[in-house]
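Chains as they are written, first to last, in this note's numbering: chain H, 446 to 822; chain Y, 446 to 822.
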């Protein structure tokens, strides 16, 4: 970025800034800052009369704010991608949330978020359509010997026709995130309410739990017959998912409680968990969604007993900037791998979110596409 | 407070601090600070290597933190009352949330909260008992011509016996707070789950909406036949409550949809709204709870047509420190007024929360007492 250099570069950039800033849609009630302009720049402002420096820390870059005669600091970032971004302020070396924004969990902390308006923001806008509910659930987990916490989306109409049963999607967040990610910055309820009201997706239940068992999650105990300790985070969360979460959901919600009506998806770490768990438990899930978390090869699909027989959908998505700057470790070319998987006879889809990176706008779009393919076959 | 003076007073206080600090139960996952000791002191800590000063701002007093050789600032407050407290940090003049705590809405902002363990904390502890759900609801309001947002608590068993219908409590927050207050720092679900599982309260539905219509709430339009503009905030919220919220709840939940099975309660501003609305709409509510928000006189009960005939309960509560330092404007002596109301034939109760002030521990206890009296007669 040009702004990584100091001084004069900043001034040059300043002169080019388009002065059409508006408050971010994720600001606290009545708060003007942070603001966002049509270039996607974020402008922060905070009174700090005795500070030596204040910086806006967003997208891995720190931008200097400038103090006015009243002790109020103001400054803006380079243009950001459309959609949601985590950020923070730095005041004389202290990294703190911006008191102007609402707060979101990511980067292993509750902190500030800002929303750059997107060309396609209509698909996750809050509209006057029939609304589902996000329900907050506490339940006891044998695997963890602890109370756990999740969110469950029930579609509009769930409380009206009490004879109807629904398929279920288990939807996981990424590393350093938690179960609040999808219902909050993920806009899950808005995406689903809009899709269902337009007849573009079947109504289904979505369970959003905490998969971060090795990081901030509680310690786990082995279930009877399980290997212990688990080989990795995917297997660790798998015990909880299979032995606690799914039975709790099937007991408390009107589900279609079989593998044919069960999907799992996740973003980044949650996508890797989805891959590992759906390959290991081929009788439990038949729909698979991996957002920015790898892909499934023909060989992997063949080595997982029952996978090819039971699977009804493998959906793989990435942000276009991720594919341009692919990080090592994902292995292979996910587009090519998914193409071959489709040629081998699996109902596979590959979706690219244009002009977005490893960030929530890619995953909102991933859910929007994936949801339309779910429980149709 | 002794600590309102500076310098040497602080040092004296320091020497007396009991070194049994533990992380607050409201800290972010994995965060050690803020900590709380058995005296109820709050100790904050934040790295701010280039700061000139850092203060802990709690209970209307700012306490100086002290910097160590690594640029980490640490310091503690005077003892606080048991229960929940809003607070913030001040770094070189910037008032910001503490990155160590979870965030709560109060004082017209999302900001830090800390929990002082209470002798009676068991009544709002999260336990392995049958759990209700907190449901997040978006709905269209004609009165506001806007989408609105509320939370609805449904008791354990709501989704099991689908023939059962429930009474409803409308439960309001205070000034500078919003609909997140009761489900979050108010511990509503934990209080109700525990009470119901012990057979101490009847199961009922609780609706927690945003009553702050003149402050952060959306602008309102008159409903047909309503006076406009409303005379005050109570009447303003009344239009929304009567014309939008109650019909929405009765349509979407299995309620007992009449005045005999409907309660309203609130804290502070929400208590004043409760008083004004239940005196004005005597056919809509028959149970009344006013927490730290005034009381109802015999004369007021007589002047409200239908109130005395329909009312089944008037519950009035305060923190003991509020009664000791009663603020002007509440008018009269609430204990004496409630005693006279009872003598006049109304089923009236007066409850005092010991050693607490105008704060959430008083209101958690108020709900705990009030809930046991609801829908019993």
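Just so it is clear, CB atoms sit at the ideal spot from N, CA and C, and this is done for glycine as well.
Along chain H, which residues have their Cβ under 7 Å away from the Cβ of residue i?
i, result
"residue 697/Y", "604"
"residue 616/Y", "The contacting residues do not exist; residue 616/Y stays about 16 Å from chain H at best."
"residue 548/Y", "548 and 555"
Nearest CA to the CA of residue i: which residue from the options?
i, options, result
"residue 573/H", "635/H, 502/H, 542/H and 796/H", "635/H"
"residue 433/Y", "541/Y, 563/Y, 583/Y and 531/Y", "Lying before the first or after the last residue shown, residue 433/Y is absent from chain Y, which here runs from 446 to 822."
"residue 585/H", "594/H, 578/H, 579/H and 520/H", "594/H"
"residue 515/Y", "492/Y, 529/Y and 523/Y", "492/Y"
"residue 619/Y", "781/Y, 655/Y, 577/Y and 800/Y", "655/Y"
"residue 517/H", "805/H, 489/H and 785/H", "489/H"
"residue 791/Y", "820/Y, 760/Y, 779/Y and 809/Y", "760/Y"
"residue 739/H", "692/H, 706/H and 803/H", "803/H"
"residue 681/Y", "729/Y, 722/Y, 462/Y and 695/Y", "722/Y"
"residue 539/Y", "512/H, 552/H and 529/H", "512/H"
"residue 808/Y", "629/Y, 746/Y, 646/Y and 702/Y", "629/Y"
"residue 543/H", "552/Y, 533/Y and 551/Y", "533/Y"
"residue 645/H", "704/H, 818/H and 779/H", "818/H"
"residue 706/H", "581/H, 649/H, 508/H and 601/H", "649/H"
"residue 520/H", "509/H, 530/H and 529/H", "509/H"
"residue 749/H", "625/H, 788/H, 726/H and 631/H", "726/H"
"residue 474/H", "711/Y, 612/Y and 551/Y", "551/Y"
"residue 622/Y", "531/Y, 785/Y, 487/Y and 800/Y", "531/Y"
"residue 703/Y", "712/Y, 691/Y, 697/Y and 710/Y", "691/Y"
"residue 615/Y", "784/Y, 711/Y and 599/Y", "711/Y"
"residue 504/Y", "735/Y, 487/Y and 688/Y", "487/Y"
"residue 463/Y", "481/Y, 617/Y, 477/Y and 476/Y", "481/Y"
"residue 657/Y", "643/Y, 625/Y, 762/Y and 688/Y", "625/Y"
"residue 687/Y", "701/Y, 627/Y and 588/Y", "588/Y"
Going along chain H in order, which residues have a C-beta closer than 8 Å to the C-beta of residue i?
i, result
"residue 473/Y", "554 and 555"
"residue 580/Y", "578, 579, 580 and 581"
"residue 516/Y", "538"
Can you tell me which residues form a DSSP beta bridge with residue i?
i, result
"residue 613/H", "650/H and 707/H"
"residue 712/H", "736/H"
"residue 784/Y", "Beta-bridge pairing links residue 784/Y to no other residue."
"residue 507/Y", "502/Y"
"residue 555/Y", "550/Y"
"residue 518/H", "491/H and 512/H"
"residue 467/Y", "481/Y"
"residue 795/Y", "761/Y"
"residue 594/Y", "583/Y"
"residue 539/H", "536/H"
"residue 472/H", "546/H"
"residue 560/Y", "529/Y"
"residue 578/Y", "599/Y"
"residue 700/Y", "611/Y"
Report the neighbours of residue i on chain Y: residues whose CB is nearer than 8 Å to its CB, in chain order.
i, result
"residue 865/H", "Outside the displayed span of chain H (446 to 822) sits residue 865/H, for which this structure offers no information."
"residue 571/H", "583 and 592"
So residue i contacts chain Y; which residues on that side make the cut at Cβ distance below 9 Å?
i, result
"residue 510/H", "None at all; the shortest Cβ gap to chain Y is about 11 Å."
Just to check, is the beta-carbon of residue i closer than 8 Å to a non-hydrogen atom of the ligand ADP?
i, result
"residue 557/Y", "The ligand content of the structure shown is nil, which means the ligand ADP is not present either."
Chain Y contacts made by the stretch 482 to 503 of chain H, where a contact means CB separation under 9 Å: 491, 492, 493, 494, 495, 496, 497, 498 and 499
Chain H contacts made by the stretch 518 to 545 of chain Y, where a contact means CB separation under 9 Å: 518, 533, 534, 536, 537, 538, 539, 540, 541, 542, 543 and 544
Residues within the stretch 585 to 614 of chain Y neighbouring chain H, beta-carbon criterion of under 7 Å: 585, 592, 604 and 607
Contact between the stretch 757 to 768 of chain H and the stretch 463 to 479 of chain Y (3+ Cβ pairs under 8 Å): no
Three CB pairs or more closer than 8 Å across the stretch 591 to 609 of chain Y and the stretch 711 to 729 of chain Y: no
Contact set between the stretch 632 to 643 of chain Y and chain H, restricted to residues whose Cβ is under 7 Å from the partner: none
Cβ contact (3+ pairs, closer than 8 Å) linking the stretch 547 to 564 of chain H and the stretch 524 to 535 of chain H: yes
Meets three-Cβ-pair contact criterion under 8 Å: the stretch 746 to 758 of chain H and the stretch 723 to 731 of chain H: yes
Stretch pair the stretch 562 to 572 of chain Y + the stretch 634 to 649 of chain Y: three plus CB contacts closer than 8 Å: yes
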